[in-house]
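Remarks on the structure that follows.
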Amino acid sequence: MKHPLGRYAVFATIAVVVVIGWLVMADRHTPPEGADLSRSKASVGGAYEVSIEPEAEPVRQGPLHTWLASVRLSDGTPAANVRIDVDGGMPAHGHGLPTAPKASHEGDGVYRIEGVRFNMGGLWELRLSIDGPAGEDEVVFNIEL
Amino acid sequence: MSSTSNSSCVGVRVAKTAIALLAGLALGACNPSELSREEITKAASLTLAALPPVPPDPTNRVADEPRAAAFGATLFFDPALSINGEVSCGTCHKIERQFQDDLPRGHAIGITDRRTMPLAGVAYNSWQFWDGRRDSLWAQAITPLEDIREHGGNRLFYVRLIAGRYRDRYERLFGPLPDLTGLPAHAGPLGTLAEKAAWDAIPAKRQTAINTAFANIGKAIAAFERTLLPAETRFDRHVAALLAGAEPSGDAVFSDLEREGLKMFIGSAGCLDCHNGPLLTDGQFHNTGVPADPANPRDRGRAAAVRQVISDPFNCLGDYSDGSEADCAELQFMVPTGEELERAFKTPSLRGVADRAPFMHAGQILTLEGVVDHYNRAPSAPAGLSELQPLKLTDRGRAALIAFLRTLGP
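Given below as structure tokens:
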């Protein structure tokens, strides 16, 4: 005579397989792993230390908004007279930003980046090309929406 | 013996409970028409309940004045506002047809280059026309008046018309009309050679006064158009019920196919990339590889519109705007050049879409089925680069997306 649990064990195994499958599928919708979402980092060539933050949280999809970028030289002094060109886009979609944001110096190495818009959900890049006393360098931030 | 039997009983009960729980989870996950909490949240972001109030238009000081809206409604439907007395805004923007005309390209005095756009929610747009060549509703409204294929008139003609027909209503809103004594019947910078010559002969100060009155016609029409809002759809009612944790009832009930379509729309089909927010548009410009219109094959869309909006004397930064420079962020931060503007056209709202064939900016695609097939195939663009990737839909998926799009109506 078969053990009474045997039949249930078969059903349980099937259910477990289904649930694992479901969890794997659900995982596909989580943001890509490995994207560096830090808002503070050194520029690619190490010439500047840059931190960014949105003027208002949360960053919403659709409206124009402003970011503040703090730029310092590697010795920590504020970089007051740099030129910042702002670019970016969605690497996964192969398109750029829907606007042409502009940076202006607020004082003490802090720059206002106005006119940013993220019109889709997903992973965006904000690329700052910096030209100043420590030379030309670039820093790329990832922003997940 | 009894203890063995007891533990076996407990074991069976535990196993039964575990199986019931797991089966519940599995069913919930596998039922194709069940929406997850995350999906309901995404769907809710597309509903009318999520639509904010109409944004203010600081460039139009009468934007929210009821008297201006009423005057604007009169002007909108008055065919006297055309050179032949037969064309009003309502000729192409038909009130009983979602303010559009069911034609591939608008028919007025002549035939325009593009599809007439519906007007529900038009005041939420930062950019007007398919290519965004105007940056406000009032600057848009006066543009067809001077287009020879549309209303066919000229600036001085319209200001004369207002002076003769609507002086009181105009002056109560905007103050005195300019003195037109000694000026010709017709003059305008965009008209015939004779009209242009007549315009050039008018002293600059008087030109400015005429331009101001002409802009005010647009501001009244815009005040009316700001009152045209989207209506509730079956989709809105369905999602409202889900959000409230209730079972949708009546026409808010979705079939399995419609729910599958909704899940695809907000998920795998990637429609939300552009058709997002309560109006189901991001209001921006995209090249989606739409085939060229044989009547206007070199239409560059946004790429050609940028220069037009910058040089438009009625733009946000111009002398006829009631706002300040700070109100012109869209214009100041607009992308001025680049490959991405080539054949890019504004994402249309999908509210009421199923009742609005033909589709795309020049009615190139005749049916909703054809539209979904276009996104499924994702052909190369005639110029520039299409942003689309083939959807690889199954027959069921294709039918589901179409079924869902049909729920975006009353």
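Those protein sequence lines, which keep their order, are chains P and Z. FYI, in the numbering used here the residues of the first sequence are 1 to 145. FYI, in the numbering used here the residues of the second sequence are 1001 to 1410. Ideal placement from N, C-alpha and C gives every residue a C-beta, glycine not left out. Computed from a prediction, not measured in an experiment: that's the story for all the values here.
Under DSSP, residue 1301 of chain Z forms a beta bridge with Z/1344. Close to residue 100 of chain P, with beta-carbon spacing below 7 Å, are these residues of chain Z in chain order: 1333, 1334, 1335, 1336.
Within the same chain, and ignoring the five residues on either side of residue 1224 of chain Z in sequence, the residues whose Cβ sits closer than 7 Å to its Cβ are 1069, 1072, 1073, 1076. The beta carbon of residue 1234 of chain Z lies closer than 6 Å to those of 1251, 1407 in the same chain, with the five residues before and after it left out. Contacts with chain P at 7 Å (Cβ-Cβ) do not include residue 1384 of chain Z. Taking C-beta atoms as the reference points, residue 1375 of chain Z and residue 1350 of chain Z fail to come closer than 7 Å. Fewer than three pairs of CB atoms, one per stretch, sit closer than 8 Å, so the segment 1254–1263 of chain Z makes no contact with the segment 1203–1214 of chain Z. No residue range can be given for residue 1365 of chain Z, since it is assigned to no alpha helix (DSSP H) and is classified by DSSP as neither H nor E. Between the C-alpha atoms of residue 129 of chain P and residue 85 of chain P there is a straight-line separation of about 5 Å. Taking 9 Å as the Cβ-Cβ cut-off, the segment 110–127 of chain P approaches chain Z at 114, 115, 116, 117, 119, 120, 121, 122, given in chain order. A straight-line Cα-Cα distance of about 6 Å links residue 1367 of chain Z and residue 1357 of chain Z. DSSP places residue 1199 of chain Z in the helix class (H, G or I) of the three-state scheme.
Between the alpha carbons of residue 1336 of chain Z and residue 1306 of chain Z lies a gap of roughly 6 Å. Beta-carbon to beta-carbon, residue 1145 of chain Z and residue 1158 of chain Z are separated by about 6 Å, close enough to satisfy the 8 Å threshold. In terms of Cα proximity to residue 1310 of chain Z, the closest of Z/1298, Z/1290, Z/1334 is Z/1334. Residue 1359 of chain Z carries a strand assignment under DSSP once its states are collapsed to helix, strand and coil.
Measuring C-alpha to C-alpha distances from residue 1216 of chain Z to each of Z/1264, Z/1302, Z/1321, Z/1395 identifies Z/1321 as the nearest. Neighbourhood of residue 1293 of chain Z in chain P, by CB distance below 7 Å: empty, with the nearest CB roughly 24 Å away. For residue 1218 of chain Z, the enclosing alpha helix (DSSP H) stretches over residues 1204–1225. Distance between residue 1176 of chain Z and residue 1128 of chain Z, taken at the CA atoms: about 29 Å. Straight-line spacing of the CA atoms in residue 1040 of chain Z and residue 1396 of chain Z works out to 22 Å.
The C-alpha of residue 34 of chain P is placed about 28 Å away from the C-alpha of residue 110 of chain P. Judged by DSSP secondary structure, residue 1139 of chain Z falls outside any beta strand (DSSP E) and instead within the alpha helix (DSSP H) spanning 1137–1142.
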